[in-house]
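Quick note, the sequences are listed as chains A and Z, same order.
When you read off a place in the first sequence, starting at 1, and then add 1, the result is the number in my numbering.
When you read off a place in the second sequence, starting at 1, and then add 34, the result is the number in my numbering.
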Amino acid sequence: MSRAGRIARRSFLVGSVAIAGGAAFGAWFIGREAPNPLRPGAGEAALGPFVLVTREGVTLITPRAEMGQGTQTTLAALIAEELDLAWQEVRIDHGPAARAYYNAALLAEGLPGKGYDRSDAMHALGEWLGQAGKVFDLQVTGGSTAMRDAYVKYRLAGAAAREALKAAAARRLGVDAATLSTEAGRVIAPDGTAIPYGELAEAAAAERLRAPDLRPASEWRLLGRALPRLDMPAKSTGRAVFSLDVRPEGLKFAAIRANPMRAGIVSFDPAPALALPGVERVVDLGDAVAVVASNTWFALQGAEALAVEWEGAPYPPDTGSILARIEAAFESDPNSTLRDDGDAAALPAGATEVAADYAVPYLAHAAMEPLNATALLQGDRLTIWTGTQGPMFAKKVGAAETGLAPENVDVVTTLMGGAFGRRGEVDFPRYAARLAAAMPGTPVQLVWSRSEDMRQDFYRPAALARMRGAVADGRAVLLDAQVATQSAAQQGMKRWTGLAMGGPDKGAVDALFNAPYRIANHRVRGYLADLAVPVGFWRSVGASHNAFFQECFMDELAAAAGRDPLDFRLAHMEDEFPVGAAVLRAVRELSGWDAPKAPGTGRGVAFCYSFGTSVAMVVEVREAGGRIRLDRVAIACDAGPALDPGIIEAQMVGGAIYGLSAALDEAITFAGGAAEQENFPDYDALRMSGTPAFAVRILSAQPHVGGVGEPGTPPAAPALANALFDLSGQRARRLPLRPDFPTLA
Amino acid sequence: MALTLVVNGRAHALDLPPEMPLLWVLRDALGLTGTKYGCGVAACGACTVHIGGQAVRSCQVALGDVAAEVTTIEGLGGASSLHPLQEAWIAHQVAQCGYCQSGQIMQAADLLARSPAPTDDEIDAAMDGNLCRCGTYPRIRAAIHAAAAKV
Numbered sequence: 002m003s004r005a006g007r008i009a010r011r012s013f014l015v016g017s018v019a020i021a022g023g024a025a026f027g028a029w030f031i032g033r034e035a036p037n038p039l040r041p042g043a044g045e046a047a048l049g050p051f052v053l054v055t056r057e058g059v060t061l062i063t064p065r066a067e068m069g070q071g072t073q074t075t076l077a078a079l080i081a082e083e084l085d086l087a088w089q090e091v092r093i094d095h096g097p098a099a100r101a102y103y104n105a106a107l108l109a110e111g112l113p114g115k116g117y118d119r120s121d122a123m124h125a126l127g128e129w130l131g132q133a134g135k136v137f138d139l140q141v142t143g144g145s146t147a148m149r150d151a152y153v154k155y156r157l158a159g160a161a162a163r164e165a166l167k168a169a170a171a172r173r174l175g176v177d178a179a180t181l182s183t184e185a186g187r188v189i190a191p192d193g194t195a196i197p198y199g200e201l202a203e204a205a206a207a208e209r210l211r212a213p214d215l216r217p218a219s220e221w222r223l224l225g226r227a228l229p230r231l232d233m234p235a236k237s238t239g240r241a242v243f244s245l246d247v248r249p250e251g252l253k254f255a256a257i258r259a260n261p262m263r264a265g266i267v268s269f270d271p272a273p274a275l276a277l278p279g280v281e282r283v284v285d286l287g288d289a290v291a292v293v294a295s296n297t298w299f300a301l302q303g304a305e306a307l308a309v310e311w312e313g314a315p316y317p318p319d320t321g322s323i324l325a326r327i328e329a330a331f332e333s334d335p336n337s338t339l340r341d342d343g344d345a346a347a348l349p350a351g352a353t354e355v356a357a358d359y360a361v362p363y364l365a366h367a368a369m370e371p372l373n374a375t376a377l378l379q380g381d382r383l384t385i386w387t388g389t390q391g392p393m394f395a396k397k398v399g400a401a402e403t404g405l406a407p408e409n410v411d412v413v414t415t416l417m418g419g420a421f422g423r424r425g426e427v428d429f430p431r432y433a434a435r436l437a438a439a440m441p442g443t444p445v446q447l448v449w450s451r452s453e454d455m456r457q458d459f460y461r462p463a464a465l466a467r468m469r470g471a472v473a474d475g476r477a478v479l480l481d482a483q484v485a486t487q488s489a490a491q492q493g494m495k496r497w498t499g500l501a502m503g504g505p506d507k508g509a510v511d512a513l514f515n516a517p518y519r520i521a522n523h524r525v526r527g528y529l530a531d532l533a534v535p536v537g538f539w540r541s542v543g544a545s546h547n548a549f550f551q552e553c554f555m556d557e558l559a560a561a562a563g564r565d566p567l568d569f570r571l572a573h574m575e576d577e578f579p580v581g582a583a584v585l586r587a588v589r590e591l592s593g594w595d596a597p598k599a600p601g602t603g604r605g606v607a608f609c610y611s612f613g614t615s616v617a618m619v620v621e622v623r624e625a626g627g628r629i630r631l632d633r634v635a636i637a638c639d640a641g642p643a644l645d646p647g648i649i650e651a652q653m654v655g656g657a658i659y660g661l662s663a664a665l666d667e668a669i670t671f672a673g674g675a676a677e678q679e680n681f682p683d684y685d686a687l688r689m690s691g692t693p694a695f696a697v698r699i700l701s702a703q704p705h706v707g708g709v710g711e712p713g714t715p716p717a718a719p720a721l722a723n724a725l726f727d728l729s730g731q732r733a734r735r736l737p738l739r740p741d742f743p744t745l746a
Numbered sequence: 035m036a037l038t039l040v041v042n043g044r045a046h047a048l049d050l051p052p053e054m055p056l057l058w059v060l061r062d063a064l065g066l067t068g069t070k071y072g073c074g075v076a077a078c079g080a081c082t083v084h085i086g087g088q089a090v091r092s093c094q095v096a097l098g099d100v101a102a103e104v105t106t107i108e109g110l111g112g113a114s115s116l117h118p119l120q121e122a123w124i125a126h127q128v129a130q131c132g133y134c135q136s137g138q139i140m141q142a143a144d145l146l147a148r149s150p151a152p153t154d155d156e157i158d159a160a161m162d163g164n165l166c167r168c169g170t171y172p173r174i175r176a177a178i179h180a181a182a183a184k185v
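1) Using the beta-carbon of each residue, which ones in chain A are nearer than 7 angstroms to P51/Z?
2) So, is the C-beta of V445/A closer than 8 angstroms to a C-beta in chain Z?
3) Measure the alpha-carbon distance for F254/A versus R61/Z and round it to whole angstroms.
4) Whose C-alpha, out of A183/Z, E103/Z, A89/Z, is nearest the C-alpha of P150/Z?
5) Do you know how far the Cα of D481/A is from the Cα of M468/A?
6) Would DSSP call N373/A helix, strand or coil?
7) Run down chain Z in chain order and give the residues with a C-beta less than 9 angstroms from the C-beta of F578/A.
8) Report back the beta-carbon spacing between G656/A and G713/A to the nearest angstrom; my notes put them in contact at under 8 angstroms.
9) Between L571/A and V606/A, what straight-line distance do the alpha-carbon atoms span, to the nearest angstrom?
10) Kindly indicate the opening and closing residues of the beta strand (DSSP E) around H46/Z.
11) Applying a beta-carbon distance threshold of less than 8 angstroms, which residues of chain Z neighbour V413/A?
12) Compute the Euclidean distance between the alpha carbons of I699/A and A637/A, then round it to the nearest angstrom.
13) Establish whether the CB of A77/Z and some CB of chain A are separated by less than 8 angstroms.
14) Let's test the definition: count the other Cβ atoms within 10 Å of the Cβ of S450/A and tell me whether it reaches 16, buried, or not, exposed.
15) Determine the chain Z residues that contact D246/A at a beta-carbon separation under 9 angstroms, and present them in chain order.
16) Under 8 angstroms, do V534/A and G508/A count as touching if we go by C-beta distance?
17) Quick check: the region 159-168 of chain A against the region 208-217 of chain A, are there 3 or more CB pairs under 8 angstroms?
18) Mind checking who P55/Z pairs with in its DSSP beta bridge?
19) Just curious, the beta strand (DSSP E) that H523/A is in, first and last residue?
20) Quick check on this structure: which residue in A205/A, G475/A, L725/A has the alpha carbon closest to the alpha carbon of E45/A?
21) Using a 10 Å radius around the Cβ and a threshold of 16 neighbouring Cβ atoms, would you call Q551/A buried or exposed?
22) Which residues in the same chain have their Cβ closer than 7 angstroms to the Cβ of S488/A, if we skip the five residues on either side of it in sequence?
23) Excluding sequence positions up to five away, which residues of its chain have a Cβ less than 6 angstroms from the Cβ of I6/Z?
24) Between G563/A, G710/A, A81/A, which has its C-alpha nearest V153/A's C-alpha?
25) Which chain Z residues are close to E90/A, counting only those with a beta carbon under 9 angstroms from its beta carbon?
26) Just how far apart, CA to CA, sit R604/A and A718/A?
27) Name the chain A residues that come within less than 7 angstroms of D158/Z, Cβ to Cβ?
28) Which residue's Cα is closest to the Cα of T69/Z: I174/Z, M140/Z, A181/Z?
29) Going straight from the alpha carbon of L14/A to that of G503/A, what length do you get?
30) What does a CB cutoff of less than 6 angstroms around A259/A pick up in its chain, not counting 5 residues either side in sequence?
31) Compare the Cα-Cα distances from A78/A to each of L157/A, Q132/A, R424/A and report the closest residue.
32) Can you tell me whether W221/A is helix, strand or coil according to DSSP?
33) Buried or exposed, going by whether 16 or more other CB atoms sit within 10 Å of the CB of E184/A?
34) Using the C-alpha atoms, what's the distance from L725/A back to A625/A?
35) Can at least three beta-carbon pairs, one atom from the region 118-130 of chain Z and one from the region 219-231 of chain A, be found at a separation below 8 angstroms?
36) Restricting to runs no shorter than 4 residues, where is the alpha helix (DSSP H) found entirely within the region 642-687 of chain A?
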């Protein structure tokens, strides 16, 4: 294994990682600037990798995947805040795949500790160590890290560009730069002379970029308010170009057919496909087949018509036997014991013991836009157009498929019709590149039918929990949590880097080991089943199941202690994590928790700290006419400085709806080695009529920026489950809920 | 044999099989990519367009069965103006990923044409076939009410 490989292995897997990376490469290597990938033309200037100034104006590079979470709008606002651009004139571009756009916050997530208890010094260390992300080409959108990575970096980029433009103007005007100001894309001289940035581009390019002090939040004009999203007009008029909408000249359309048992091909017969109108070619992709046609419809028909003999599944064929393997992991040594306070093995004297088992299923991402990628091999250059959360990974698989050097592979990252973690995988750029390599000179768009998309997913793993606790005198005195699941991180790392990852999988126990409750005897053990069912990163990853286990069980403990569930949580959080406790108090007020309930109403609360953000949720259900409806949801959150409250609100609501949808109905089950669900009729989500009313309150007491794309999801399922208990007296200990609560509307 | 299809006021002669779904005719033959493929089985509404002013799932309508003028999201507003729903979508900042929103807007336009001041229940009934995985439903509802007040 290469030296970088060994370091990557250690870095990603063990919490202390990035330290190993730093020592091995040397701080000089990590700190060295990545080359600027922008290639300005004549009369243009790249003032750092994030600011391109042309004669027409300024384009900001926002190199994170826009999958709906609004990230590109807020990234642009961070730069524009310091660069003094008028918001209506801001233009953005995702930019190329490049090392310069590494994400420093991803590695910082690997630092030891629970997150919420991280000191300022550890935050600073994380920021510095995160630069190792450069070494690993981590241009990744994931882990709700975009703002944590960008908060300082992008404002500095804007400030440095501004100062370079001022310096250029000062030279031209023969005045001291300190006498100049900037406003709405122009440098303003003391006499009122205004020079548009575009006129200063070339001269500013010669200036050395320096990092001045950042403006205090009290002077912000763009950040801290709900800005009009930059993608909103195009997305409201059908003009937005998603991955499936790219139309290079001469484009051919192809559809993929892959093994629903997730293995290889024994043999296939292309004849039935080739006999169909419009079908031009059938291409063997190794462990999949592509049918190329003159339009997508012909290609889809052709793919369906192929006669293929598949290899069998490399995992047990049905859900029962798969879950038995996960259950068996409890008998192995734990992969992690990331919390072990007091003595969790014993039952404290005089305490009442409580125990419960929980289970959640495999889940599909089911983004609205089915997977797809377009590629063109032209001479010694490969271009891949796709919506990817990891463009540098796409670049590498493109190079591997064609034998080209990575610098000969261009990745054009488009808007994506949802992703939720699925578009961080590399299968779709890989197959598109492989197909393009088989038809050089012709651009080809490879699409997954909805059925292929759902059956070829890398699922949120099923998970089982054994929870044991005890209460005495109205408090929890013991919490001993065990979770068994598959490791999304181990599989994902293998797919991204080809490297095996060992060590404790923090993600598998996220939201359990770092649940911010003070309990004297508190242990959290994670067990991993070695199973080949393809699993990956699903919005909020481990927190998506662990918050369900943790927060449903907190409710059981509260009931055993004879306490109000919200009071009970507060009592254990006030001293441990005041920021979280304030969020709980806010949701108490917002939801009217202390007001009397109408007859036939149930209320449930849940809290989760994940991705640096605290979210508390109260779900209210109402039974009427023999049906249980989701009536109201109140959400309070604290993600630190609220950079765009409109986007944060949308992410909290959207994240909750994603979680509620899964909680109500969603499950991927297996029979004969294949997923049994293929499309929305058998894998449905909340619709308009089932969607409750939402109220959101955003707090900003936390000094550090947290994520917002994922933290809204984890508390949704447990808050709903606890509301159903409040209504019915029946505990909801497995998901989805509908089989146990058939009258849910 | 060529079939004639009128889309957004323009006639197109198409040499395509009559059983081909309108969705793919729009996207791949005419380059009108604002209409989206989501499920192919009329379960998500992303492909919603108007035929003769009525909302239909274009993935389920065969080209040969199209007997009236087709309007897609690209043709909903005027040449230089937005439909009131599009204005409301922007004002209420509805879209997240945006992939389903063409279908949502076309479905809502059909609703407002039939019921200029819809109740919440009417909105639910009209919009339930349009799936949004980002969970933009609360803002969609607010935008429909806002547009209704202006129509």
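The C-beta atom is built at its ideal place from N, Cα and C for all residues, glycine as well.
Let me spell this out:
1) P278
2) no
3) 11 angstroms
4) A183/Z
5) 6 angstroms
6) strand
7) Near F578/A there are no residues of chain Z at all, since even the closest Cβ is about 27 angstroms away, more than 9 angstroms.
8) 2 angstroms
9) 12 angstroms
10) 44-48
11) Within chain Z, no residue comes near V413/A; the closest Cβ sits about 16 angstroms away, beyond 8 angstroms.
12) 6 angstroms
13) yes
14) buried
15) R61, T67, G68, K70
16) no
17) yes
18) A96/Z
19) 522-529
20) A205/A
21) buried
22) D506, A509, L529
23) No information on residue 6/Z is available, as it lies outside the stretch 35 to 185 that chain Z covers here.
24) A81/A
25) Neighbours of E90/A on chain Z: none; closest Cβ ~17 angstroms, over 9 angstroms.
26) 13 angstroms
27) M689, S690
28) M140/Z
29) In this prediction, L14/A scores a pLDDT of 32, lower than 50, which makes its location untrustworthy; the coordinate-derived value is nonetheless stated afterwards. Between L14/A and G503/A, the C-alpha separation is close to 6 angstroms.
30) A289, Q457
31) L157/A
32) coil
33) exposed
34) 14 angstroms
35) yes
36) 646-666
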